[in-house]
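Reviewing the structure listed below.
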Amino acid sequence: MALSGILGAMSANISIYLLLPVTIIVGIVIGYINYIFVVKFQINDFLLTLSMSFVLSGTASFVLNASGIGVPREMLKWSSQGLRIGVMIGVYIICAFVFGWTPLGRQCKAIGANEKAAVYSGINVKRLKSIAFIISGGVAGLLAFFSVIRAGIANNTMGGQLPFDVLIVLLIGGFPINGGVNSNIRAPIIGSITITILMNGLTLIGISEREQQLIRGILLLLIVTATYDRKRTPVIK
Amino acid sequence: MKTKTKTKLLSYLIPLCLPIILFLIFTIGTRGFGVNSIPIIISQSLIPFILSFSIVIIISTGLFDLSIGTQMIVIGILVVWLSEFMGAPGLLIGSIGGSVMCAALKGGIYRLLRIPSIILSIGLVMILEYFGIEAMRRTTTMVLFVKPEVSFIGAPPYNYIFTVVAAALFYLIYNYTVFGIHIKLVGDNELTAFQVGIKVNKIKYLAFVISGVFVGFATILYTCYSGSIGFGGVGMSTIALVFRPLIAVMIGISLNRFCNNLLLNLFIAVISLNIIFNGLIAFGLPASTQDITLGVFLLIVMSVTENTNRLREWRRRRTVRKEKQKIIA
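Going down the list, the sequences are from chains A and B.
Residue numbers for the first sequence, in the numbering used here: 1 to 237.
Residue numbers for the second sequence, in the numbering used here: 1 to 329.
Structure follows, in structure tokens:
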């Protein structure tokens with residue numbers, strides 16, 4: 001997200017209309033690179049995430065060479081509540097349709113449930129994984145766009161804690177950690193609304209940031225304990 | 001017999017080539033990097049080296065724990081406070097005892113909640129960071145200083161002695177105890193391990209506890225090396241402490257293909273990483289290149305080791321194809 005944002009901001013200083021396509025394209029390219037490492041070189045996805053986070057954050061810092069890069073002022077007008085909500089609803093509708101009512105979505109769930117069975121069923125697992133990585137990268141680029149136009153600046157700390165926040169949101173929303181048949185598109189919405197209401201509510205009643213983190217940690221453990229499907233997973237690692 | 005010795009010697013030499021080659025590259029390519037850098041590199045390697053033992057015990061059992069770094073910081077804060085009253089013995093006993101107790105609690109929570117260890121560790125990072133911050137707030141400062149009469153433990157030769165003791169303990173536990181065999185069995189196939197009568201839950205719990213011992217050793221060196229301990233704040237920043245030893249573990253496990261001595265491989269991995277970091281600083285490159293190098297280094301090592309068999313198979317097929325063509329010709 002940081003690298004997409006920084007390169008997007010650099011392009012925005014050439015032309016303001018370049019910000020969105022550049023952030024999305026950079027996100028897609030990074031997603032495709034991740035796919036190559038996971039599928040072609042068969043690197044463990046967690047290790048890939050770890051290594052790529054180092055490479056990309058280092059590259060972002062190297063490219064930036066400063067504390068931040070600003071975008072033209074007129075772009076700040078683009079950061080409106082209506083646009084954000086509209087895009088969120090649009091993305092949700094598209095994802096819900098693709099995930100719930102298309103063969104692509106069903107095949108993704110099948111891969112999550114049992115990859116070997118999916119391969120034997122004739123599903124092109126590699127192609128679907130590439131699509132998944134590309135979509136993920138593209139959405140990260142879109143988030144970078146919104147982050148840049150909201151703050152008016154791109155820096156290398158953008159999206160720093162986002163991976164863990166997203167994981168917490170998904171788990172709290174009831175998304176199974178291993179994917180599979182029980183995956184649903186409602187989980188991110190439920191999880192993000194829950195977390196946002198909770199955090200804002202806690203802030204309003206005067207709970208400090210560290211106490212909020214404690215509450216999030218306890219909540220994460222309790223919700224996962226209550227919702228984790230132990231019947232489907234004979235071995236819990 | 002001579003061939004066997006020769007093969008064994010070669011198997012030790014191959015992984016050693018990695019730090020030697022890296023050292024030569026940076027010595028030739030930069031000014032200010034050379035033999036005089038070796039003591040610094042070794043000193044910087046000791047803490048991640050000891051932490052890697054803890055990670056190996058956990059990973060061997062098939063679990064994952066990202067909260068080791070946070071545990072080290074939180075226990076470190078407590079033992080620095082303890083050392084004010086009890087001096088060096090307080091620091092030593094507090095580090096290992098406190099770390100073992102924390103790890104035992106972690107193992108107990110894992111058994112109770114029965115959720116994936118990675119999620120548990122993320123939750124525990126958030127909870128432990130809170131307690132760390134609270135402990136710092138009680139002392140009205142965000143940095144605690146270790147007394148000089150205690151911090152000598154972080155200096156040579158005491159830091160080397162601690163490291164050697166920790167390494168010997170790890171080597172014994174991992175290779176010469178029933179527990180060491182059982183954790184590998186459980187990590188390899190938990191269901192089979194259960195079928196053969198291994199008490200899987202007990203082994204997993206003990207894995208947490210034993211890993212806590214090594215975190216305790218690392219805590220001693222961490223608090224004494226810099227002479228102070230601080231807490232940056234919440235935001236799960238302490239997770240980053242586990243990444244470097246984790247990468248060293250991954251590289252060390254990959255080097256097992258050449259030399260079946262994990263302890264040596266871990267040391268080589270940690271030293272190699274530190275040679276790279278110090279070498280890049282000597283090159284005059286910015287700190288961001290360290291992150292890029294770390295990530296690229298890990299990607300290269302993992303790509304090569306995960307695909308060694310595929311490469312070997314491809315070479316074999318090419319040889320068979322060439323021979324076939326010769327025969328036909």
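No residue lacks a Cβ here, since even glycine has one placed at the ideal position from N, Cα and C.
Quick caveat, the model's predicted, so the values are computed rather than measured.
Any C-beta of chain A under 8 angstroms from that of residue i
{"i": "B/Leu91", "result": "no"}
{"i": "B/Glu306", "result": "yes"}
{"i": "B/Leu113", "result": "yes"}
{"i": "B/Ile203", "result": "no"}
{"i": "B/Pro48", "result": "no"}
{"i": "B/Thr70", "result": "no"}
{"i": "B/Val150", "result": "no"}
{"i": "B/Thr289", "result": "yes"}
{"i": "B/Met250", "result": "yes"}
{"i": "B/Glu190", "result": "yes"}
{"i": "B/Pro245", "result": "no"}
{"i": "B/Pro39", "result": "no"}
Residue burial classification, residue i (beta-carbon count within 10 angstroms, cutoff 16)
{"i": "B/Asn274", "result": "buried"}
{"i": "B/Lys106", "result": "buried"}
{"i": "B/Tyr130", "result": "buried"}
{"i": "B/Pro19", "result": "buried"}
{"i": "B/Ile122", "result": "buried"}
{"i": "B/Phe26", "result": "buried"}
{"i": "B/Glu190", "result": "buried"}
{"i": "B/Cys224", "result": "buried"}
{"i": "B/Ile300", "result": "exposed"}
Partner residues on chain A for residue i, Cβ-Cβ distance less than 9 angstroms
{"i": "B/Gly62", "result": "Val235, Lys237"}
{"i": "B/Pro15", "result": "Neighbours of B/Pro15 on chain A: none; closest Cβ ~19 angstroms, over 9 angstroms."}
is_contact[residue i, chain B] using C-beta, thresh 8 angstroms
{"i": "A/Leu214", "result": "yes"}
{"i": "A/Ile43", "result": "yes"}
{"i": "A/Arg127", "result": "no"}
{"i": "A/Leu7", "result": "no"}
{"i": "A/Thr59", "result": "yes"}
{"i": "A/Tyr228", "result": "yes"}
{"i": "A/Val55", "result": "yes"}
{"i": "A/Phe62", "result": "yes"}
{"i": "A/Leu20", "result": "no"}
{"i": "A/Leu76", "result": "no"}
{"i": "A/Leu47", "result": "yes"}
Listed by chain order, chain A residues near residue i by CB distance under 8 angstroms
{"i": "B/Tyr130", "result": "Arg210, Glu211, Gln213, Leu214, Gly217"}
{"i": "B/Ser303", "result": "Phe37, Phe41, Ile43"}
{"i": "B/Ile133", "result": "Arg210"}
{"i": "B/Ile292", "result": "Phe54, Val55, Gly58, Thr59, Phe62"}
Where residue i sits in the DSSP three-state scheme
{"i": "B/Ala287", "result": "coil"}
{"i": "A/Leu64", "result": "helix"}
{"i": "B/Val79", "result": "helix"}
{"i": "B/Phe145", "result": "strand"}
{"i": "B/Ala329", "result": "coil"}
{"i": "B/Ser11", "result": "helix"}
{"i": "B/Ser254", "result": "helix"}
{"i": "A/Ile69", "result": "strand"}
{"i": "B/Gly230", "result": "strand"}
{"i": "B/Ala155", "result": "coil"}
{"i": "A/Ile153", "result": "strand"}
{"i": "A/Tyr35", "result": "helix"}
{"i": "A/Thr196", "result": "helix"}
{"i": "A/Lys231", "result": "coil"}
Interface partners of residue i on chain A, CB under 7 angstroms
{"i": "B/Phe208", "result": "Near B/Phe208 there are no residues of chain A at all, since even the closest Cβ is about 13 angstroms away, more than 7 angstroms."}
Residues that residue i contacts on chain B, provided the C-beta gap is smaller than 8 angstroms
{"i": "A/Gly3", "result": "Correcting the residue identity first, residue 3 of chain A is Leu in this sequence and not Gly. Per Cβ cutoff of 8 angstroms: no residues; A/Leu3 is ~11 angstroms from chain B at best."}
{"i": "A/Leu220", "result": "Ile119, Ile122, Gly123, Met126"}
Listed by chain order, chain B residues near residue i by CB distance under 7 angstroms
{"i": "A/Ile177", "result": "Pro116, Ile119"}
{"i": "A/Leu171", "result": "Ile119"}
Within chain B, partners of residue i - CB distance below 9 angstroms
{"i": "A/Val224", "result": "Leu113, Ile115, Pro116, Ile119, Leu120, Gly123"}
{"i": "A/Met52", "result": "Gly295, Leu299"}
Proximity test, residue i beta-carbon vs the ligand ATP heavy atom, cut-off 7 angstroms
{"i": "B/Phe214", "result": "The model depicted lacks the ligand ATP and carries no ligand whatsoever."}
Any contact between the stretch 34 to 44 of chain A and the stretch 147 to 157 of chain A? By contact I mean 3 or more CB pairs, one from each, below 8 angstroms.
The stretch 34 to 44 of chain A makes no contact with the stretch 147 to 157 of chain A: fewer than 3 CB pairs, one atom from each, lie closer than 8 angstroms.
Could you tell me whether the stretch 8 to 15 of chain A touches the stretch 97 to 107 of chain A, where touching means 3 or more Cβ pairs closer than 8 angstroms?
no
Between the stretch 208 to 215 of chain A and the stretch 156 to 164 of chain B, do three or more beta carbon pairs fall short of 8 angstroms?
no
For the pair the stretch 55 to 71 of chain B and the stretch 243 to 252 of chain B, tell me if three or more CB-CB distances fall below 8 angstroms.
yes
For the stretch 316 to 328 of chain B against the stretch 59 to 71 of chain B, are there 3 or more C-beta pairs whose distance is under 8 angstroms?
no
Can we say the stretch 179 to 195 of chain B touches the stretch 262 to 270 of chain B, given the rule of at least three CB pairs closer than 8 angstroms?
The stretch 179 to 195 of chain B vs the stretch 262 to 270 of chain B: no contact.
Could you say if the stretch 197 to 212 of chain B and the stretch 280 to 296 of chain B meet the contact criterion of at least three C-beta pairs nearer than 8 angstroms?
no
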